[in-house]
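Student: At position 19 of the sequence shown (counting the first as 1) the number is 20 in this note's numbering, and the numbers step up by one without a gap. Pasting a structure below so you can have a look.
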Amino acid sequence: MKTLAALKSQSLKLRALGALAFGVFCSAPLHPAAIAHPLDTPSDISSMIGAATLYIQSLVTHNAENVPLAPDAYRVENGFVTGISAEDIRTQLDTGPQYSVLTGIRRLTWPSIEKDSVTADYYLDTCGPVVPVQFLTTHVIEHFTFDASGQIKYIEASLTILPGHAE
2 MKTLAALKSQ
12 SLKLRALGAL
22 AFGVFCSAPL
32 HPAAIAHPLD
42 TPSDISSMIG
52 AATLYIQSLV
62 THNAENVPLA
72 PDAYRVENGF
82 VTGISAEDIR
92 TQLDTGPQYS
102 VLTGIRRLTW
112 PSIEKDSVTA
122 DYYLDTCGPV
132 VPVQFLTTHV
142 IEHFTFDASG
152 QIKYIEASLT
162 ILPGHAE
């Protein structure tokens with residue numbers, strides 16, 4: 002059982018990582034070389050968060066070229082298979098109509114970090130395709146599992162649609 006001091010220390014580390022990831026997310030995209038090394042130890046947290054952040058950024062930039070997906074990557078959203086390979090997932094992120102209305106990410110946090118996986122919790126904003134008015138927000142809890150080379154192997158998203166600019 003962890004002591005209160007250990008839990009507080011872990012919470013502060015997770016907040017610091019979240020702030021780092023948010024700063025990276027809101028600034029220039031990460032260079033792929035910064036996340037290309039294998040995941041050997043739990044200290045590779047920044048690599049996993051960097052890779053997952055690239056994926057999350059691609060939801061709104063519609064450019065998944067640098068997202069480090071394993072060739073046999075697999076994606077599930079609310080229990081439905083929505084991606085069966087890296088090529089399929091990238092094509093959908095780049096040109097899929099379901100992503101064309103996504104305009105922003107808010108309140109990105111990392112509530113769970115394990116040896117080979119991270120979980121992101123954030124709000125995703127959408128705009129109408131004709132009139133640029135935000136009409137809903139989606140709360141997303143997204144779990145990313147990585148292979149030994151540091152590529153995203155599995156993505157599982159739980160999506161809850163909220164009205165307007167909710168959070």
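For glycine and all other residues, C-beta sits at the position ideal for the given N, C-alpha and C. Quick caveat: nothing in here was measured; it's all calculated off a predicted structure.
Do residue 57 and residue 90 have their beta-carbon atoms positioned less than 8 Å apart in this structure?
Tutor: Here the question's residue 90 lines up with position 89 in the sequence shown. Here the question's residue 57 lines up with position 56 in the sequence shown. Going by C-beta atoms, residue 90 is not nearer than 8 Å to residue 57.
Student: Determine the direct distance from the alpha carbon of residue 164 to that of residue 100, and round the result to whole angstroms.
Tutor: Within the sequence shown, numbered from 1, the residue matching residue 100 stands at position 99. Within the sequence shown, numbered from 1, the residue matching residue 164 stands at position 163. Cα to Cα, the separation comes out at about 18 Å.
Student: Nearest to residue 70 by CA position, among 109, 59, 79, 80, is which residue?
Tutor: Within the sequence shown, numbered from 1, the residue matching residue 70 stands at position 69. Among 109, 59, 79, 80, the Cα nearest to that of residue 70 is on 59.
Student: Is the separation between the beta-carbon of residue 104 and that of residue 73 shorter than 8 Å?
Tutor: Counting from 1 along the sequence shown, the entry for residue 104 is found at position 103. Counting from 1 along the sequence shown, the entry for residue 73 is found at position 72. Contact: no.
Student: Return the first residue and the last residue of the beta strand (DSSP E) that residue 122 is part of.
Tutor: On the sequence shown, position 121 is the one that residue 122 refers to. Counting along the chain, the beta strand (DSSP E) containing residue 122 begins and ends at 118-128.
Student: When DSSP labels each residue in this structure, what does residue 155 get in the three-state scheme?
Tutor: Translated into positions along the sequence shown, residue 155 becomes position 154. Note: residue 155 maps to strand in three-state DSSP.
Student: Please give me, in chain order, every unbroken run of the beta strand (DSSP E) with length at least 3 that falls completely inside the region 56-80.
Tutor: As far as the region 56-80 is concerned, its whole beta strand (DSSP E) runs of at least 3 residues are 70-78.
Student: If residue 53 sits next to residue 95, beta carbons under 8 Å apart, how far is it from one beta carbon to the other, in whole angstroms?
Tutor: Taking the sequence shown and counting its residues from 1, one reaches residue 53 at position 52. Taking the sequence shown and counting its residues from 1, one reaches residue 95 at position 94. Residue 53 to residue 95, Cβ: 18 Å. No contact.
Student: Measure from the alpha carbon of residue 152 to the alpha carbon of each residue in 67, 113, 143, 158, then state which is nearest.
Tutor: For this step, residue 152 is matched to residue 151 along the sequence shown. The option with the nearest alpha carbon to residue 152 is 67.
Student: Answer with buried or exposed for residue 76, where buried requires no fewer than 16 other C-beta atoms within 10 angstroms of its C-beta.
Tutor: Walking along the sequence shown from the start, residue 76 turns up at place 75. Residue 76 should be labelled buried.
Student: Using a Cβ-Cβ cutoff of less than 8 Å, which residues in the same chain neighbour residue 145 once the five nearest sequence positions on both sides are dropped?
Tutor: Reading the sequence shown from its first residue, position 144 is the one you call residue 145. Answer for residue 145: 49, 52, 53, 56, 118, 119, 120, 121, 153, 155, 156, listed in chain order.
Student: Given that a residue counts as buried once 16 or more other Cβ atoms are within 10 Å of its Cβ, and exposed if not, what is residue 143?
Tutor: Residue mapping note: residue 143 aligns to position 142 of the sequence shown, counting from 1. Residue 143 comes out buried.
Student: To which residues of the same chain is residue 113 closer than 8 Å at the C-beta, ignoring the five residues directly before and after it?
Tutor: Taking the sequence shown and counting its residues from 1, the one referred to as residue 113 is at position 112. Answer for residue 113: 119, 120, 144, listed in chain order.
Student: I need the straight-line Cα distance from residue 137 to residue 102, nearest angstrom please.
Tutor: Residue mapping note: residue 137 aligns to position 136 of the sequence shown, counting from 1. Residue mapping note: residue 102 aligns to position 101 of the sequence shown, counting from 1. Cα to Cα, residue 137 sits roughly 10 Å from residue 102.
Student: How many Å lie between residue 160 and residue 93 at the Cα?
Tutor: As a position in the sequence shown, residue 160 is number 159, starting the count at 1. As a position in the sequence shown, residue 93 is number 92, starting the count at 1. In a straight line, the C-alpha of residue 160 is about 17 Å away from that of residue 93.
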